[in-house]
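Protein chains in written order, with this note's numbering: chain A, 345 to 599; chain B, 345 to 599; chain C, 68 to 387; chain D, 5 to 262; chain E, 5 to 262.
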Amino acid sequence: MDRARYRALSVASVLVLGFAWWLFTHLNLVEPLFVPSPRAVLESFIAVTVRGYRGVTLFEHLAHSMMRVLTGFLLAVVTAVPLGILMGRHRAVRAIFDPLIELYRPLPPLAYYTLLIVWMGIEDSSKIALLYLAAFPPLAISSMAAVQRIPEHRIECARCLGVRGFGLLRTVVFPSALPGIFTGLRVAIGFTYTTLVSSEIVAAVNGIGWLVLDAGRFLRTDLIFVGIITMAATGLLLDRLIRLLEALVVPWSEE
Amino acid sequence: MDRARYRALSVASVLVLGFAWWLFTHLNLVEPLFVPSPRAVLESFIAVTVRGYRGVTLFEHLAHSMMRVLTGFLLAVVTAVPLGILMGRHRAVRAIFDPLIELYRPLPPLAYYTLLIVWMGIEDSSKIALLYLAAFPPLAISSMAAVQRIPEHRIECARCLGVRGFGLLRTVVFPSALPGIFTGLRVAIGFTYTTLVSSEIVAAVNGIGWLVLDAGRFLRTDLIFVGIITMAATGLLLDRLIRLLEALVVPWSEE
Amino acid sequence: ATAGGGRERELTRVVIGYQAIPNGELVAKQLGWHEETLGVPVHWVQFNSGSELNAAVTAGSVDLGLGGSSTTVVAIAQGVPARVIWIHNIIGENEALVVRRGSDIRTVGDLRGRTVAAPFGATTHYHLLTALELAGVNPGDLRVLDMPPPEMLAAWLRGDIDAGFVWEPTLAAMLEADGRVLISSGELAAQGFLTGDIGIARTGFLERHPDIVVQYLRNQMRAVAMIRTEPDRAAAAIAAELSLDPVEARRQMDSLVFLDAIEQLSDAYLGRERAPGGLADVFLETGHFLAEQDTIQRAPDRARVEAFLAPEFLQRAVQQ
Amino acid sequence: MSHGYAGGLGRRRLFARTAPPRLPVIESVNLCVNQGDFVAIVGPSGCGKTTLIRILAGLVRPDSGEVLDCRAPVTGAHHNRSLVFQHPHLFPWLTVEQNIAFGPRHRGIDRGDYQPLVEELLALVGLESFRDALPQQLSGGMKQRVALARALANRPHILLLDEPLGALDALTRERMQEELRTLWRRTGCTVVLITHSVEEALYLANRLIVLSARPARILTEIAVTFSTNGHASSGREVKSSHEFLTVREQVLEHIWSE
Amino acid sequence: MSHGYAGGLGRRRLFARTAPPRLPVIESVNLCVNQGDFVAIVGPSGCGKTTLIRILAGLVRPDSGEVLDCRAPVTGAHHNRSLVFQHPHLFPWLTVEQNIAFGPRHRGIDRGDYQPLVEELLALVGLESFRDALPQQLSGGMKQRVALARALANRPHILLLDEPLGALDALTRERMQEELRTLWRRTGCTVVLITHSVEEALYLANRLIVLSARPARILTEIAVTFSTNGHASSGREVKSSHEFLTVREQVLEHIWSE
Ligand SMILES: Nc1ncnc2c1ncn2[C@@H]1O[C@H](COP(=O)(O)OP(=O)(O)OP(=O)(O)O)[C@@H](O)[C@H]1O
Ligand SMILES: Nc1ncnc2c1ncn2[C@@H]1O[C@H](COP(=O)(O)OP(=O)(O)OP(=O)(O)O)[C@@H](O)[C@H]1O
Ligand SMILES: [Mg+2]
Ligand SMILES: [Mg+2]
C-alpha cells in the first residue's frame, strides 16, 4: 500500500468516526447530555473561542496550560537527561538513583498531589512540580537506556582518538544517545500531558484541564467535548513538534 | 562494579533517604503536618492493616484496587495485543486504527472520566474502563512496533517452509514479537497503575487510590504516606512480576 | 512562606480562597469592596472544597477563606495554622437529601438497602450520617458512596443511585430531574446539628495584619446587611458572579441563613474573647463524629477547639 | 508433496520429483536448472543475485517473464523450494530439533511421519548432541547447519542458497564447504548457490554462472569439474592446484573487466 | 604529542617516535614490534586476538605482564596508538571530513594545524568528493577507508587493525588490501594487523605471527617477503604464485594441526 492510499484510509477512518457521531446524535439515539451533537460542540467551540469560558478564551486557557506543561517538561529535560546520561555511564550513579526513580515512578500523580500542595502551595509552582515529576522518570530512564545502548566499540574508538572524561560525554556519548533521548522526549511529553488535568484539579481558574473539569462540574458535555478535542489536537501537535525537532537535530540514522 | 556492590549501593541509597526522613522529623525541622515521622507512619500503617480505614483493612483496599487494575489491564491485553499485531502486519489495519489511537492517546484520563461515568455509570465498570483505556495505547503501539521490528527474512524463511496466513501469525509473528510485547506490558502496567487514583476519584469507598484521596481530604499526611509507600511497593511488585513472567515465557534472547 | 508562622512573607497582596456559595463573600467579591478597602491588592482563588482550602492554608498560600464546618473541624484536628473569624452562613434548605419522587422511600429509615451518595468529608456527608443515626439506621445497612456533586447528578440521571445528599446547584438539578427532598440540612440544624460555612484566617496573617482582617470582617458585615435590606441587589451580584439568573440566585441565597455580627458574637455562636460560644460545642460534636468515622485520629478536645475560635477580631470590627 | 513420507531420509526420493525449472529473470537471465545440478552464481555486489534467488523462491514476483517449477508457474513461496539466507534466521524460541522440524510440523504432518527425517538430518549436520539447545547457545557455523537441515526437512525439490557461508569466519567457512560438498554428493540434491567467492563456487558447483553488473544478465557459464572429480584429494589441495587457479583467474578476469 | 603539528602529512615524522614496544600478553606472548613493521597476526577464532590488540591499545589492562610504548608503560588508551575495528564505527552525526578531523579537533588542536593533514588523508583514501557526506551515505568499503583516515589523523606511533576488512565483500576486500598495501609502502608506518585470512596476512605483512588456540601463545613467526617484493606484479598474480601458495599451505597446516 503506498503512502497516498494509507493517508486516504487514515482520513477516512477519522471521518467515519465523525460521521457515526453525527448520525447517532442526529437520529436522537442518545441523549444530548450523554453525547452532544457535533453542531452543539461546534457552537460551544466558537463561543469559547470568541467569548471565552468564565471570562477566559479557549486560546488563553490553552496558553496557561501550555505554559505549565512546557515549564515542567523543560525543567525535567535539563535535569533528567544529564542525570540519565550519568546513570548510563557510571554504575555507581545508577545504583544510587535507579531505586529511587523506580520507587516513585509507578505512583499516580494524584496520590502525592496533596503533599505537593501542602509543601509548595497552590500557585503554579505545585502544578509545575507535578508535571515535572511526571516527566522526570521517562526522560531519565530513556536517556540512561540510550547511553547503555551505545556500542562499546564507538566509545573505545573515541578513547583511542584521545578524548576522555567530560569531552567524551559531550562529543560522543551525548550525540550517540540523542536518538534515544528523543524517543524519551516523546514518551515524556505524552506522559506530562496526561497529567495536565490532574495538575489543574486544585485552585486553578484557567487552563484547558480546568475547563474540562469545570465543564464536568456543570455536566456541560458539549464543553467537555470541546476540551477533549482541543487536548487531542494539541497533544498530537506537541508530539509532531518533537518529531520535527528530532528530524532537524538528528538528521543521521543509526547504521 | 560487581552485582553485590551495586546492590549494596542501591540499598544504601534507599536507607539514606529513609534516614534523612527520620532525621528531619526527629529534629522537628518540619511540621508533622507536612512530613509525618516514620514512627507515625508506621503506627498508621499498623492501624490500617489491623483495624482498617473506614472499616476496610489496607489489604482489602489493595485487593479492590488490584482487582480493578488487573481486570482493566487484562482486558486491554487480550484486545490491544492482537490489534497491535494485526496493525504491524497489515498496513490497512494500521491506517485505520493508528490515527484513532494517536488522537486519544495524549488525552488525560480525567478529561473523559465524566463522560465514562455518564455512559457507564458509577460501578466498577467505569473505573475498569478508565484503566482499560489507559492500558490500551501502550500495548497496541508496542505490539505493533514489535511486529514491525521482526526481520523480514525470518518471515520469508517461514513462508519458504510452508506456513502462511494465521499459522504464520501464530507460529512466527507472535513468538517473534513476544519480547517487544513484554516491554509493552511493563510500560502499560505502569501507566495503568498511574491512572488508578483518578479512577477511584468517583463513587469509590474502597481502594488504595481512594484511601489516599480521602486521607488528602482530611490532611492525614501519615495516611497519605502509608498509601504512597504501599502503592510504590505494589507498583514495583507488578513490574517485577511481569519481568519474572517474561523470563519464564521468553527464555531466549534475540540474536 | 511556610505555615507555622515562622517566616511571614512580605505583604504584597491578600489571597482569599472562595467557593461558589451564594453568600456575602460573593457579594463583596462582585462589588469589589475588599479591593477598595483592604489597602492591598486582592487575589481571589476558587476552591471546590474546604479540604483543598485547608491544604492551601497549611502551605501558607491562602490568607483568608471559607470551608464547611466539617472541614473546619478537620483543620482544628490536624493543626492547620488558622482561626475561625466569621460565620458566612448557616446551612439551611440549600443542602438536602434527595430521593426520587415516585419512590417508596418515605423516611430516612427506608434508606436501608439503598444506594446513597454524598461527597465525603463535606457537610452533607456529616448530615447524612447524622440523619441515619437519628433514625437508628446503621450505615452498614446501605451503600454510602463518595461522589462529587457533578458525578452525583450524572449517576442520578442514569438511575445509579437512589438518593443523594447535596447542595446547590446540583440540588436544584436533581430536584428538577424527578427528585424530592427527604430531609434538609435546615431540619437537622433545628434538631441541634448545625452546619455552616466558616470563615477562617491563617494564623501568621492574623498576627501580622489584624487591621486588614478587621476591615475584611467589616465588609462581610456590610454584605450581610445588604442581603437583609436589599436582597435583590445582593442576589444580582451573586447572579453575576455565578453566571446565574437573578431569580435563581435569589432563591439559592434565600435558602441560606445569615447571621449579623451581633448574632455571631452571641453565646449561641462565636461568643466573646475568652468566653467561647455554642459553635465550640458544634465543632466538638462534629469532631467526635469524624473520629468515630475513622477519618481523623483523635477528636480535638475543648481547649483546642476554643483556642481555634477568634471572635476578638469581629469584636473590634463591631466597635469601630 | 502429499504425505508420501515413508521415514528415513530416502535420499533418492527426496529430489526425485524435481523437474527442470526454467528461470527467466532480471534483464535477460534464462537459466535451466536440471535435477541434481549444483549451480553457483557469482556477480558483482548489487547486481541482483539476491533478487534473482528470491524470484526463484517465489518471494518476489518478476515484473515480466516467469519461473517454472516442474512445468508449473511459481506464484508464491512454497516448501518445495527452500531458501537459506546468509544469516541462519533460526527461530530463537525453538530448540535445534524443533527448528529443523518446523516446516513439516506446521504444515500439519504427523510427527511420526517426519520425525525419522529430522533424526537423520540431525545426524547429517552432526548436531545430535545439541538437539535440545536453543539457537543462542550455538556458534555461527552450527546455526547455519541447522538452517540447512531445516530447509532439507521439507524434502524440497530444490535448495536455494544465498551466500549461506558469507557470514562465517574463514576456517569455519572451509569446514562448511566440505559439509555442503558431502551433502550434495550424498543426496544428489538440486542446488542453486549464490556466493561472492569464486573459489567457493568453483570448488562446490558443477555449473558456474557469472552475472554482469546491474541489470543482471548472464556473462558466461562455465562447466566445472572440481566438485565432481578429485574425490580423493583434500579441499586445500584442490584449491591450490594449478588447474583450479587458472580457471579462477579467468573468472575473476571476467568480473574485473566489467 | 605536543603541538608539533607542521602541516602536510609529514610521512617520515608521523611514526618517527615509534620506539620498539615490548608486548608480553595472554599466556606467553612476547612480541617486539619495530618501527616500520607490518605485523600480521592469525589464529583460530576465539583464541584471544582481539583481546591482545585491545591490550596493545590500552583499552584492557593485562592481569600480569606489561606493554611498553617507546619504553613507557601503556596505562590507558592514547591517541598515539590508533585502533581500527572490523566495523568502521564512524560517528554517524559527523561528515566524512569531521570524522577524520575528530581526534585532533577534540584534543584542542587548532584547526589550522590539523586541517592540511585532514585534506591529505581525504586525498589518500580517495574521498575528497565525499567530504560532506554523512556515513550513512557511504558503502561499507568507503566507511572503512574513513575509519582508517580517522585513525591516521592522530599521527599515531602505531596503527592497530582488528580484522579491518572482515566485514567487506570479496571484491571490495581485494581493493582495500591494495590500498592498505599502498598506504604502508608510502608512509612506512608501523602496523599490527589481525586477520582471519592467511592469504591477506601473507600478502600485506612483513612478519606473520601464528597464535595457538586459547590460551594464546605464539606458535610460530614467519618473515614474509611478498609484501616488500613483487612491486610490479598485480595482487592476484602474487597470490596465485607457486611460492605464495606453498607458504600459505604451510601456515594453514600449522593452524589445522592444532
Ligand atoms: N527492496 C528493494 N527496494 C529497492 N531496491 C532494491 C530492493 N532490493 C534490492 N534493491 C536493489 O536491487 C539491486 C539488486 O539487489 P540485490 O540484493 O539482488 O543484489 P545482490 O547481487 O544480492 O547484492 P549483494 O552481492 O550485495 O548481496 C541493488 O542495487 C539494490 O539496491
Ligand atoms: N568481555 C569478555 N568477557 C568474557 N570473556 C571474554 C570477553 N571478551 C573475550 N572473551 C573471551 O576471550 C576469548 C578471546 O576472545 P577474543 O575476542 O579476543 O578472540 P578472537 O581471537 O578475537 O576471536 P575472533 O577470531 O572470533 O575475533 C574468547 O574465548 C572469548 O570468549
Ligand atoms: Mg545479495
Ligand atoms: Mg576478534
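The beta carbon of each residue, even a glycine, is placed where N, CA and C say it ideally should be.
DSSP places Leu-373 (chain A) in the coil class of the three-state scheme, outside both helix and strand. In terms of beta-carbon proximity, Ser-86 (chain E) lines the interface with chain A, with at least one pair separated by less than 8 angstroms.
In this structure, Glu-496 (chain A) has its CB at a distance of at least 7 angstroms from all heavy atoms of ligand 4. In summary, the residues of the stretch 240–259 of chain D whose CB is separated from some CB of chain E by less than 8 angstroms are Arg-240, Ser-244, Leu-249, Arg-252, Glu-253, Leu-256 and Ile-259, in the order they occur in the chain. Short note on Glu-500 (chain A): C-beta not closer than 7 angstroms to any heavy atom of ligand 4.
Here the alpha carbon of Thr-423 (chain B) sits roughly 28 angstroms from the alpha carbon of Ile-485 (chain A). For Glu-204 (chain D), the shortest separation between its Cβ and any heavy atom of ligand 3 does not lie below 7 angstroms.
Set against 7 angstroms, the gap from the CB of Thr-54 (chain E) to the closest heavy atom of ligand 4 is smaller.
Of the candidates E:Leu-94, E:Arg-115 and E:Ile-162, E:Leu-94 places its Cα closest to the Cα of Gly-145 (chain E). When distances are taken from the beta-carbon of Asp-166 (chain D) to the heavy atoms of ligand 3, the shortest one is below 7 angstroms.
Remark: three or more beta-carbon pairs, one from each stretch, lie closer than 8 angstroms, so the stretch 151–160 of chain E and the stretch 66–85 of chain E are flagged as touching. Chain-order list of chain C residues neighbouring Leu-563 (chain B): Ser-118, Asn-121, Ala-122, Thr-125, Val-141, Ala-142, Gln-145 and Val-147, by C-beta distance under 8 angstroms.
The alpha helix (DSSP H) runs of length 4 or more contained entirely in the stretch 484–572 of chain A are, from start to end of the chain, 496–504, 509–512, 518–543 and 552–561.
At a beta-carbon threshold of 8 angstroms, the residues of chain D lying near Pro-48 (chain E) are Leu-175, ordered along the chain. The beta carbons of Leu-256 (chain E) and Arg-240 (chain D) sit about 6 angstroms from each other, so the pair counts as a contact at 8 angstroms. Per DSSP, the continuous alpha helix (DSSP H) segment holding Arg-109 (chain D) begins and ends at 100–110.
In this structure Pro-108 (chain C) is exposed. Its beta-carbon is surrounded by fewer than 16 other beta-carbon atoms within 10 angstroms. Spanning the alpha carbons of Thr-353 (chain C) and Gln-492 (chain A) requires a straight line of approximately 58 angstroms. The residue from C:Thr-191, C:His-155, C:Gly-176 and C:Phe-232 with its alpha-carbon nearest to that of Asn-205 (chain C) is C:Gly-176. Fewer than three beta-carbon pairs drawn from the stretch 387–399 of chain A and the stretch 496–505 of chain A are found closer than 8 angstroms, and the two stretches are therefore not classed as touching. Across the set C:His-101, C:His-155 and C:Glu-119, the C-alpha of C:His-155 shows the shortest separation from the C-alpha of Val-324 (chain C). Minimum Cα-Cα distance from Gly-47 (chain D) among the listed residues D:Ile-198, D:Ala-151 and D:Asp-114 corresponds to D:Ile-198. Note on Gly-169 (chain C): under 16 other CB atoms within 10 angstroms of its CB, so exposed under the neighbour-count rule. For a Cβ distance threshold of 7 angstroms, residue set Gly-465, Ile-466 and Glu-467 of chain A lies close to Ser-128 (chain C), ordered along the chain. Among the residues of chain B, those whose CB is under 9 angstroms from the CB of Pro-215 (chain C) are Ile-545 and Val-546, following chain order. By the Cβ neighbour-count rule, Cys-51 (chain D) is buried, with 16 or more other Cβ atoms within 10 Å of its own.
By DSSP's assignment, Val-46 (chain E) forms a beta bridge with E:Val-214. A contact is defined here as three or more CB-CB pairs under 8 angstroms, and the stretch 579–590 of chain A meets this definition with respect to the stretch 523–538 of chain A. Counting along the chain, Gly-135 (chain C) sits inside the beta strand (DSSP E) bounded by residues 131–135. In this structure, Ala-163 (chain C) places its C-beta atom within 8 angstroms of the C-beta atom of Val-248 (chain C). The beta carbons of Val-233 (chain C) and Thr-191 (chain C) sit closer together than 8 angstroms. Sequence-distant Cβ neighbours of Leu-220 (chain C) in its own chain, meaning closer than 7 angstroms and more than five residues away, are Thr-237, Ala-240 and Met-241. In the DSSP assignment, no residue is bridged to His-246 (chain D). In the three-state reduction of the DSSP assignment, Arg-395 (chain B) falls in the coil class. Taking C-beta atoms under 8 angstroms as the contact rule, Thr-515 (chain A) and His-110 (chain E) qualify, at a distance of about 5 angstroms. Nearest C-alpha to Glu-167 (chain E) among E:Ser-49, E:Val-37 and E:Val-242: E:Ser-49.
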